[in-house]
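For the sequence shown, our numbering begins at 109 and goes up steadily by one. In what follows, a single structure is set out as structure tokens and then discussed.
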Amino acid sequence: MEWAKQIGLAVSRRAMGTWYSPDDALLKALVMCVVDDGREEYHRFLAKLYERFRLVIGANEAEKAFGTLPIDQNAFMQNSQRLEQRLRSLGLLRRLSDDCAYVENPFRSKK
């Protein structure tokens, strides 16, 4: 668990324990590693996180990892929504008028 804290994958708070929650620097690094063409649809971004790093965020990736969902699907939906909000707050995600969410890598040009 100590390594997870050192790389920004886990956080701990006094009297609340430790849980997995990537810090801002790790989220930015993941976006830079995964989003090659300037922007990527959010659901595809989650799929790439699973394919490259085996990070399970949403229900689709959990089904790939476990075969069946180990917990209620709502937990994975909430997890995905929280990550989307974090990326948006960092300026790394935009939801367009057609309700499609795109993760944007500010260091790559859009094609």
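By construction, the Cβ of each residue, glycine as well, lies at the ideal position given by its N, Cα and C atoms.
From the DSSP output, which residues share a beta bridge with A209?
R203
Is the region 168-180 close to the region 193-210, with three or more CB pairs under 8 Å?
no
K172 burial status per 10 Å Cβ neighbour count (16 or more: buried)
exposed
For R162, name the three-state secondary structure that DSSP assigns.
coil
Taking contact to mean at least 3 C-beta pairs separated by less than 8 Å, is the region 138-154 in contact with the region 197-217?
yes
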